[in-house]
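>
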Amino acid sequence: MMYAQEDYQAKKMTAAQAAALVENGWLLGMDSSAAQTPALMQAIADRAYAGQLEGVKVQALLDAYPFAYYMDPALLGKMTGFSWFSSGAARQAVNGGYADLLPSYYRDIPSHIRREYSYDAFCISVSPMDKHGYFSFATAGSYSQAMLDKAQRVFVEVNKYQPRAIRGGQIHVSQVTAIVENDSPLPVLPPVKIDRDSETIGGLIAEQIPDGACVQLGIGAIPDATGLALRSKHDLGIHTEMFTDSMVELIACGAVNNSKKQIHRGRSVTTFAYGSQRIYDYIDDNPAIEILPVEYVNDPAVICRNDNMISINAALEVDLFGQVCAESVGTRHMSGTGGQVDFVRGACQSKGGKSFIAFTSTAKGGTISKIRSTLAPGAVVTTSKNDVDYIVTEYGVAHLRGRSLAERARQLIAIAHPDFREELAFEAKKRGIML
Ligand code: COA
Numbered sequence: 149m150m151y152a153q154e155d156y157q158a159k160k161m162t163a164a165q166a167a168a169l170v171e172n173g174w175l176l177g178m179d180s181s182a183a184q185t186p187a188l189m190q191a192i193a194d195r196a197y198a199g200q201l202e203g204v205k206v207q208a209l210l211d212a213y214p215f216a217y218y219m220d221p222a223l224l225g226k227m228t229g230f231s232w233f234s235s236g237a238a239r240q241a242v243n244g245g246y247a248d249l250l251p252s253y254y255r256d257i258p259s260h261i262r263r264e265y266s267y268d269a270f271c272i273s274v275s276p277m278d279k280h281g282y283f284s285f286a287t288a289g290s291y292s293q294a295m296l297d298k299a300q301r302v303f304v305e306v307n308k309y310q311p312r313a314i315r316g317g318q319i320h321v322s323q324v325t326a327i328v329e330n331d332s333p334l335p336v337l338p339p340v341k342i343d344r345d346s347e348t349i350g351g352l353i354a355e356q357i358p359d360g361a362c363v364q365l366g367i368g369a370i371p372d373a374t375g376l377a378l379r380s381k382h383d384l385g386i387h388t389e390m391f392t393d394s395m396v397e398l399i400a401c402g403a404v405n406n407s408k409k410q411i412h413r414g415r416s417v418t419t420f421a422y423g424s425q426r427i428y429d430y431i432d433d434n435p436a437i438e439i440l441p442v443e444y445v446n447d448p449a450v451i452c453r454n455d456n457m458i459s460i461n462a463a464l465e466v467d468l469f470g471q472v473c474a475e476s477v478g479t480r481h482m483s484g485t486g487g488q489v490d491f492v493r494g495a496c497q498s499k500g501g502k503s504f505i506a507f508t509s510t511a512k513g514g515t516i517s518k519i520r521s522t523l524a525p526g527a528v529v530t531t532s533k534n535d536v537d538y539i540v541t542e543y544g545v546a547h548l549r550g551r552s553l554a555e556r557a558r559q560l561i562a563i564a565h566p567d568f569r570e571e572l573a574f575e576a577k578k579r580g581i582m583l
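All letters in the sequence shown, in the order written, are residues 149 to 583 by this note's numbering.
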């Protein structure tokens, strides 16, 4: 076997040289956000634009870069995006009919990858090689190992800004086909603006969370506001899907120490990280965080092993039965399912656990109620009426799990915006829901 450094030098090439290895019809795989490979994707897109490639497909999740195949409809058929969780640029491309969505619970993606696909190349951004020849998967647990296992080739972008996750995935230089060095700062999420309603909702949820609980926070202003409202708590733990800024803050201020967890005691567990540079700095060489594959982290049977598991996620609308839509506005696609259902189920199975779906009561300047008699035509049900637990708006908390239709409608109407309560009650009665 070659020495690691010699192997590294032999495989080092430019992004254009790596892109030149790609052939018509190849299926490429990438993971999410900061693990993605912008230089490689641009070089491959350049070849597609030059008429040198067609039929290339790229699978990825939660895209952090404005990839050409999402930004430019002209690439359809030459280089086409398939998203396991589309938002941002992918959202626009899916709605525009020039990219496609792969519906799935996040926890099941590795199983779909292993059963249904094989990749001509898996592309991942990694930290610089260590003295033993290993690159760290950095911010990605997720499905990277599954894609790696099903890939004929591995293209890595080595980036000095990538943190080294010492309790996360690793790949050895001997497994790699092409090495492209690309030292560019990692993508960061703009800081979320937390308005007064989000703060109120965060406070209402924080009241329901005991010291010693284990938390998952989803994406957006309300999960972030809840995170900040938890700063006065003690002995919290983290078992989450996405590791966020508010979690680093909770660790820094001492509210999180993971001391009461039943599994992975003393460590935070996540499947990927995305946010500010502060997160990436926290991960680097830190034994207190484990970045593990999603089929494990998001498995409800694993999530529920921590007592007092609390999950907090957002939504776009909910009907009077408690059916939650977090993926579309009517037929307009907004995002994938992600891990919402995984964590709703895991939290509800945990001893003392609770799951919160939270949103402000209205959209579009107060003109649309997010609590509706029925979901908008075409709306996607993310969390079913049988799984839903707590719903929270700035007007209060509704506890739906195990409750009758009438009780659900009563509680939901009580936390709807006052301007819409009468209309909702009228609709409920018209539908024969006992009020
Ligand atoms: N009717 C019409 N428009 C609505 C609406 C409704 N009921 N609810 C929200 N909107 C609009 C908002 O006004 C906003 O419009 P704008 O972009 O023009 O400002 C847009 O839809 C997004 O709404 P917002 O409340 O800002 O949602 P968000 O961007 O914070 O995302 C989810 C919310 C639900 C899409 C997000 O949480 C998500 O990705 N969920 C996936 C499932 C999940 O929870 N997974 C777990 C974490 S991965």
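Just so you know, even glycine gets a beta-carbon here, dropped at the ideal spot from N, CA and C.
1) Which term fits proline 566, buried or exposed, when burial requires 16 or more other beta carbons within 10 angstroms of its beta carbon?
2) Comparing alpha-carbon positions, which option in Val306, Trp174, Pro186 and Gln200 lies nearest aspartate 211?
3) Applying the criterion that 16 or more other CB atoms from any shown protein chain within 10 Å of the CB defines a buried residue, is threonine 515 buried or exposed?
4) Taking only three categories from DSSP, how would you classify methionine 457?
5) CB-CB under 6 Å to lysine 381, same chain, minus the five flanking residues each way: which ones, in chain order?
6) Determine the extent of the alpha helix (DSSP H) in which histidine 260 is found, giving its start and end residues.
7) Is arginine 426 buried or exposed, if buried means 16 or more other CB atoms sit within 10 Å of its CB?
8) Thinking C-alpha only, which one of Ser235, Met189 and Asp256 is nearest leucine 223?
9) Which residues mark the beginning and the end of the beta strand (DSSP E) in which valine 396 is found?
10) In this structure, does DSSP put glutamine 364 in helix, strand or coil?
11) Taking Cβ to Cβ, would you say glycine 203 is nearer than 8 Å to asparagine 172?
12) Mind reading off the beta-carbon distance from isoleucine 349 to threonine 541? Whole number of angstroms is fine, and I expect it under 8 Å.
13) Looking at alanine 527 and cysteine 452, is the spacing between their C-beta atoms short of 8 Å?
14) So what does phenylalanine 568 bridge to, in DSSP terms?
15) Using the C-alpha atoms, what's the distance from cysteine 362 back to asparagine 405?
16) For the alpha helix (DSSP H) containing glycine 375, name the first residue and the last one.
17) Could you tell me which of Asp220, Tyr265 and Pro435 sits nearest to tyrosine 246, measuring between CA atoms?
18) Name, in chain order, the residues that DSSP records as bridge partners for histidine 481.
Reading off the structure:
1) Taking the sequence shown and counting its residues from 1, one reaches residue 566 at position 418. Flag for proline 566 reads exposed.
2) For the purposes of this step, residue 211 is taken as residue 63 along the sequence shown, with counting starting at 1. Closest option to aspartate 211, Cα to Cα, is Pro186.
3) Along the sequence shown, one-based indexing puts residue 515 at 367. So threonine 515 counts as exposed.
4) Start at 1 with the first residue of the sequence shown, and residue 457 comes out as number 309. Correct three-state label for methionine 457: strand.
5) Position 233 of the sequence shown holds residue 381. The residues are Asp359 and Ala403.
6) Along the sequence shown, read from residue 1 onward, the residue named residue 260 stands at position 112. First-last of the alpha helix (DSSP H) with histidine 260: 257-264.
7) The residue given as residue 426 occupies position 278 in the sequence shown. Classification for arginine 426: exposed.
8) For the purposes of this step, residue 223 is identified with residue 75 of the sequence shown, where counting begins at 1. Ranking the options by Cα distance to leucine 223, first place goes to Met189.
9) Working through the sequence shown from its first residue, we reach residue 396 at position 248. Here valine 396 belongs to no beta strand (DSSP E); instead the alpha helix (DSSP H) covers 393-400.
10) The residue labelled residue 364 in the question sits at position 216 within the sequence shown. Of the three classes helix, strand and coil, the one that applies to glutamine 364 here is strand, per DSSP.
11) Against the sequence shown, residue 203 aligns to sequence position 55. Against the sequence shown, residue 172 aligns to sequence position 24. Result yes, Cβ atoms of glycine 203 and asparagine 172 sit closer than 8 Å.
12) Translated into positions along the sequence shown, residue 349 becomes position 201. Translated into positions along the sequence shown, residue 541 becomes position 393. Contact holds; Cβ gap of about 7 Å.
13) By one-based count along the sequence shown, residue 452 stands at place 304. By one-based count along the sequence shown, residue 527 stands at place 379. Not a contact, by the Cβ cut-off of 8 Å.
14) Sequence index remark: in the sequence shown, residue 568 carries index 420 (1-based). For phenylalanine 568, which the question treats as bridged, DSSP gives no partner whatsoever.
15) Counting from one through the sequence shown, the residue named residue 405 turns up at place 257. Counting from one through the sequence shown, the residue named residue 362 turns up at place 214. Approximately 10 Å between the Cα atoms of the pair.
16) As a first step, residue 375 is located in the sequence shown; it is residue number 227 there, counting from the start. Element bounds for glycine 375: 369-377.
17) In the sequence shown, residue 246 corresponds to position 98, counting from 1. Comparing Cα-Cα distances from tyrosine 246 to each of Asp220, Tyr265 and Pro435, the minimum goes to Asp220.
18) Along the sequence shown, read from residue 1 onward, the residue named residue 481 stands at position 333. Residue pairing of histidine 481 in beta bridges, as defined by DSSP: Ser476.
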